[in-house]
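Take a look at the structure below.
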Amino acid sequence: MRHLLSVDDLGRDGLEELLDLGESFLEVTRRDIPKVPALRGKTVVSLFYEDSTRTRLSFETAAKRLSADTMAFSVSGSSVAKGESLRDTVQTIEAMGVDAIVVRHRSAGVPHRVTTWVDAAVVNAGDGRHEHPTQALLDALTLRRHRGTGLDGARIAIIGDIRHSRVARSTTKAFAALGADVTLVAPPTMLPEAEAGWPATIGGDLDDLLPTLDVVYLLRIQHERQDAALLPSLREYTMRYGLTRERAARLKPDTLIMHPGPMNRGVEIAAEVAEGPASVITEQVANGVAVRMAVLYQLLGSGATVA
Amino acid sequence: MPDSLVVRGGRVLDGTGERTADVLVEDGVVTAVGAGLSGTRTLDAAGCVVTPGLVDLHTHLREPGHEEAETIETGARAASLGGFTAVVAMPNTDPALDDPAVVAAVLAAGAKSVCDVHVAGCITKARAGVELAPMGELHELGVRLFTDDGACVESAAVMRRALEYAGSLPGAVVAQHAEDPQLCAGGHMHEGEWSSRLGIPGRPAVAESSIVARDCLLAELTGTPVHFLHVSTAAAVATIADAKRRGLPVTAEAAPHHFTLTDADCATFDPLFKVHPPLRSATDVDAIRRGLADGTIDAIATDHAPHAAETKEKPFEEAPPGMLGLETALGLTLTELVEPGRLPLADAIALLSSRPAAIAGLADHGGPIAPGRPAHLCVIDPAATWTVDPARLASRARNTPYGGRTLTGRARHTVLAGEPVVVDGEAQR
Numbered sequence: 004m005r006h007l008l009s010v011d012d013l014g015r016d017g018l019e020e021l022l023d024l025g026e027s028f029l030e031v032t033r034r035d036i037p038k039v040p041a042l043r044g045k046t047v048v049s050l051f052y053e054d055s056t057r058t059r060l061s062f063e064t065a066a067k068r069l070s071a072d073t074m075a076f077s078v079s080g081s082s083v084a085k086g087e088s089l090r091d092t093v094q095t096i097e098a099m100g101v102d103a104i105v106v107r108h109r110s111a112g113v114p115h116r117v118t119t120w121v122d123a124a125v126v127n128a129g130d131g132r133h134e135h136p137t138q139a140l141l142d143a144l145t146l147r148r149h150r151g152t153g154l155d156g157a158r159i160a161i162i163g164d165i166r167h168s169r170v171a172r173s174t175t176k177a178f179a180a181l182g183a184d185v186t187l188v189a190p191p192t193m194l195p196e197a198e199a200g201w202p203a204t205i206g207g208d209l210d211d212l213l214p215t216l217d218v219v220y221l222l223r224i225q226h227e228r229q230d231a232a233l234l235p236s237l238r239e240y241t242m243r244y245g246l247t248r249e250r251a252a253r254l255k256p257d258t259l260i261m262h263p264g265p266m267n268r269g270v271e272i273a274a275e276v277a278e279g280p281a282s283v284i285t286e287q288v289a290n291g292v293a294v295r296m297a298v299l300y301q302l303l304g305s306g307a308t309v310a
Numbered sequence: 270m271p272d273s274l275v276v277r278g279g280r281v282l283d284g285t286g287e288r289t290a291d292v293l294v295e296d297g298v299v300t301a302v303g304a305g306l307s308g309t310r311t312l313d314a315a316g317c318v319v320t321p322g323l324v325d326l327h328t329h330l331r332e333p334g335h336e337e338a339e340t341i342e343t344g345a346r347a348a349s350l351g352g353f354t355a356v357v358a359m360p361n362t363d364p365a366l367d368d369p370a371v372v373a374a375v376l377a378a379g380a381k382s383v384c385d386v387h388v389a390g391c392i393t394k395a396r397a398g399v400e401l402a403p404m405g406e407l408h409e410l411g412v413r414l415f416t417d418d419g420a421c422v423e424s425a426a427v428m429r430r431a432l433e434y435a436g437s438l439p440g441a442v443v444a445q446h447a448e449d450p451q452l453c454a455g456g457h458m459h460e461g462e463w464s465s466r467l468g469i470p471g472r473p474a475v476a477e478s479s480i481v482a483r484d485c486l487l488a489e490l491t492g493t494p495v496h497f498l499h500v501s502t503a504a505a506v507a508t509i510a511d512a513k514r515r516g517l518p519v520t521a522e523a524a525p526h527h528f529t530l531t532d533a534d535c536a537t538f539d540p541l542f543k544v545h546p547p548l549r550s551a552t553d554v555d556a557i558r559r560g561l562a563d564g565t566i567d568a569i570a571t572d573h574a575p576h577a578a579e580t581k582e583k584p585f586e587e588a589p590p591g592m593l594g595l596e597t598a599l600g601l602t603l604t605e606l607v608e609p610g611r612l613p614l615a616d617a618i619a620l621l622s623s624r625p626a627a628i629a630g631l632a633d634h635g636g637p638i639a640p641g642r643p644a645h646l647c648v649i650d651p652a653a654t655w656t657v658d659p660a661r662l663a664s665r666a667r668n669t670p671y672g673g674r675t676l677t678g679r680a681r682h683t684v685l686a687g688e689p690v691v692v693d694g695e696a697q698r
């Protein structure tokens with residue numbers, strides 16, 4: 004693996020290899036001194052053109068726990084704010100001698116374009132509506148650890164603004180590649196425009212599905228969606244698609260509840276449900292550091308064993 | 270003996286038929302077509318096809334305002350190398366071509382170039398879609414095609430008024446960039462299989478076909494001719510075919526990229542493949558090819574849209590739309606339509622010369638090649654195989670999506686009013 008741009012780059016074997024590695028690093032992160040020297044002397048730069056707290060912190064933590072040097076390129080107040088082109092920016096960064104560039108951008112495909120301009124490894128940390136592959140990895144790791152048996156045959160519903168979500172696209176692909184049966188549930192205005200790229204059943208009745216599901220994966224609903232005529236109101240969304248207390252009560256007792264955050268409590272998920280015993284939302288965050296360590300290690304590591 | 274030029278030994282192909290003959294040109298005018306002619310200068314055309322100079326209804330020359338991407342001089346040179354002897358310059362310059370003084374300046378600069386430069390005037394002031402541009406004053410300067418290209422005339426009421434008004438100007442044609450801006454809001458590629466895979470917001474086909482349907486009805490209401498620019502969808506082709514069957518005064522053009530590339534080409538996220546209307550599905554590409562073959566589409570027009578290199582190094586969703594076309598249009602038409610048998614050569618030449626000339630009212634262009642006619646000629650070597658090298662294009666910009674593609678057929682010589690402006694594929698000035 005030279006770069007991580009899309010879940011498509013991995014396939015089932017590649018996903019499982021990274022998840023196995025992620026499990027090992029999860030053990031590392033629980034040590035008293037949660038740090039290994041695997042990437043000593045390597046430099047990882049985060050280049051975030053879009054605001055993000057959790058993903059950026061997660062990548063920087065992952066790099067530091069592997070003993071890599073880290074740099075953060077802040078777009079506001081930088082040469083980018085003065086009009087520097089994307090190509091000039093990444094080539095300037097590379098000239099400083101970096102081994103990996105972690106890129107987030109509001110436009111789809113930017114990480115792909117960056118690979119054509121630099122030799123460093125490129126990790127997609129979210130590009131427009133396209134992909135967010137490390138989110139998919141951490142979701143898959145979270146599920147695998149909870150189920151013990153892998154994802155084969157798991158019935159998963161992803162609910163929310165699928166069409167505009169890079170998380171939904173990456174996570175659907177990863178879950179499906181690992182053998183799960185994924186259904187996408189949303190108002191028609193928020194479902195994918197075409198089936199291509201979505202290995203899932205598109206559309207379904209949430210209330211019919213509830214008792215059959217092993218996992219409910221909720222996406223954040225953004226307030227501004229009302230303005231674009233995608234939704235009549237958030238209240239109506241909650242009524243038809245929200246995981247309310249009543250709906251949660253119809254799930255199997257062991258159904259897991261996931262959310263990539265940040266949550267809109269009371270909109271897509273009731274506060275009590277988010278904090279209930281079936282929720283694995285905080286674990287998702289912890290697993291994020293471990294899978295990002297796995298990705299950086301696989302891209303930059305010398306091949307020495309982790310332990 | 271005064272200067273004279275003979276184009277020797279080619280197959281002369283124009284709207285009147287095909288014959289092997291020499292073409293004698295004196296004082297910028299064809300004076301004889303026949304065997305054994307001689308002149309003071311000879312252009313060899315053995316094994317070649319001699320056609321009327323090609324006519325492009327849709328060229329962005331970028332001057333005034335974006336001379337870093339193209340100028341009238343460089344764009345005209347690119348046109349002549351592509352076999353074109355006339356182009357219609359689109360009005361989305363800065364300032365826009367909505368003012369007689371600016372139009373006159375472009376025409377004056379064009380007159381010194383190696384191509385006959387005509388101008389399309391704006392429909393509305395600053396292409397803003399609100400107030401009518403001074404169509405009558407522009408018509409006095411010779412403008413016949415009016416368009417806000419790059420922008421769709423969104424308001425049905427404004428489009429109706431423009432058509433009513435243009436109806437009083439002899440020969441005027443109102444040309445629409447048919448893409449509903451509301452349906453396309455935020456979109457950057459064709460909405461469909463590939464936008465779904467790539468997560469790039471889409472521009473749906475219905476954004477084009479709905480405006481085409483509306484404007485066919487407005488053409489019927491007003492009787493004023495409507496020309497549809499760069500038609501790209503199967504639904505629009507079907508709607509135009511239906512309107513033509515009903516005898517409505519509508520015409521249409523298609524761009525080479527819409528019959529040679531698909532939305533799958535966007536998978537690299539390279540903005541060289543970004544264009545409005547966007548590259549469509551394979552089904553749409555087939556419909557465009559069929560529309561060209563069955564006469565529904567009247568012209569092949571390049572939508573030559575130069576952009577400075579740095580603007581195409583932006584992210585796909587931030588880069589400007591458009592691609593070069595003048596130097597590749599003929600080769601693509603011959604390679605992708607004529608060679609595989611989708612279109613007879615004579616029809617391809619008509620789509621590139623006589624039919625666009627008729628739409629734009631360019632009586633001097635489009636043939637026939639006959640005594641007394643202005644000598645605007647294109648000598649095509651149909652067997653010449655060449656590879657598109659962006660660095661060697663005459664355009665100031667480099668944004669061709671065809672770099673590295675091998676084409677068969679290209680313009681060998683181009684003659685503008687008797688002057689050989691391209692000889693053996695080399696620009697003469």
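Quick mapping for you: the protein sequence lines, in order, are chains B and X. Reminder that position 267 of the first sequence reads as 270 in this note's numbering, one-by-one numbering, no gaps. Reminder that position 340 of the second sequence reads as 609 in this note's numbering, one-by-one numbering, no gaps. Yeah, the Cβ is synthetic: ideal placement off N, Cα and C, and Gly gets one too. Every value quoted in this text rests on a predicted model; they were computed, and no experiment measured them.
Query: Distance between Ala347 of chain X and Glu695 of chain X (C-alpha atoms, nearest Å); Result: 11 Å
Query: Length of the line joining the Cα atoms of Val126 of chain B and Thr152 of chain B; Result: 29 Å
Query: Beta-ladder partner(s) of Arg280 of chain X, from DSSP; Result: X:Thr289, X:Val318
Query: Proximal chain X residues relative to Pro195 of chain B, where beta-carbon distance stays under 9 Å; Result: Ser465
Query: Short CB-CB distance (under 7 Å) between Val125 of chain B and chain X; Result: no
Query: Nearest neighbour of Arg243 of chain B, chosen from B:Leu21, B:Arg107, B:Ile162, B:Met99 [CA to CA]; Result: B:Ile162
Query: Straight-line Cα distance separating Thr677 of chain X from Thr416 of chain X; Result: 33 Å
Query: Whole-number beta carbon distance between Leu194 of chain B and Ile165 of chain B, since they are thought to touch under 8 Å; Result: 6 Å
Query: Where His115 of chain B meets chain X, residues with beta-carbon distance less than 8 Å; Result: Thr537, Phe538
Query: Pick from X:Thr354, X:Val399, X:Gly344 that is closest to Val375 of chain X, judged by C-alpha positions; Result: X:Gly344
Query: CB contact check: His135 of chain B to chain X, cutoff 7 Å; Result: no
Query: Sequence-distant residues of its chain with Cβ nearer than 8 Å to Arg250 of chain B (five each side left out); Result: Leu209, Asp210, Leu213
Query: Chain-ordered neighbours of Gly206 of chain B on chain X, where CB pairs are closer than 9 Å; Result: Near Gly206 of chain B there are no residues of chain X at all, since even the closest Cβ is about 14 Å away, more than 9 Å.
Query: Whether Ala315 of chain X touches Ala666 of chain X by CB criterion (7 Å); Result: no
Query: Per-residue contacts from Gly461 of chain X into chain B (C-beta, under 9 Å); Result: Glu196, Ala197, Ala199
Query: Cβ neighbours of Val276 of chain X in the same chain (closer than 6 Å, five flanking residues each side left out); Result: Val292, Leu312, Ala314, Val319
Query: Among X:Asn361, X:Val357, X:Ser349, the one whose alpha carbon lies nearest that of Glu336 of chain X; Result: X:Asn361
Query: Nearest-angstrom beta carbon gap, Val48 of chain B and Phe76 of chain B [assumed within contact, 8 Å]; Result: 6 Å
Query: Beta-carbon proximity list for Arg310 of chain X, same chain, < 8 Å, skipping 5 on both sides; Result: Asp272, Ser273, Leu274, Val275, Pro689
Query: Chain X residues whose Cβ lies nearer than 8 Å to that of Leu3 of chain B; Result: Outside the shown range of chain B (4 to 310) lies residue 3 of chain B, about which nothing can therefore be said.
Query: Coarse secondary structure for Ser478 of chain X, derived from DSSP in three states; Result: helix
Query: Residue of B:Thr137, B:Val39, B:Ser70 minimising C-alpha distance to Asn290 of chain B; Result: B:Thr137
Query: Thr597 of chain X burial status per 10 Å Cβ neighbour count (16 or more: buried); Result: buried
Query: Residue range of the unbroken alpha helix (DSSP H) whose run includes Val506 of chain X; Result: 503 to 514
Query: Short-range partners of chain X found in the stretch 152 to 183 of chain B, where Cβ spacing is below 7 Å; Result: Arg169, Arg172
Query: Collapsed DSSP secondary structure at Tyr244 of chain B in the structure displayed; Result: helix
Query: Ile469 of chain X at chain B interface by Cβ criterion, 7 Å; Result: yes
Query: Residues from the stretch 234 to 250 of chain B in contact with chain X, defined by Cβ distance under 7 Å; Result: none
Query: Partner residues on chain B for Glu342 of chain X, Cβ-Cβ distance less than 7 Å; Result: The premise fails here: Glu342 of chain X is roughly 27 Å from chain B at the closest Cβ pair, so nothing lies under 7 Å.
Query: Three-state secondary structure assigned by DSSP to Arg286 of chain B; Result: The identity of residue 286 of chain B in the sequence shown is Glu, whereas the question assumes Arg. Residue state, collapsed to three classes: helix.
Query: Rounded separation between Val121 of chain B and His499 of chain X - CA only; Result: 36 Å
Query: is_contact[Glu579 of chain X, chain B] using C-beta, thresh 7 Å; Result: yes
Query: CB of Ala503 of chain X within 7 Å of CB of Glu477 of chain X, strictly; Result: no
Query: Limits of the unbroken beta strand (DSSP E) element including Val386 of chain X; Result: 385 to 388
Query: Backbone secondary structure at Gly351 of chain X - three-state DSSP; Result: coil
Query: Supposed close pair Ala533 of chain X, Val298 of chain X - CB separation, criterion 8 Å; Result: Contact doesn't hold; Cβ gap of about 48 Å is too wide.
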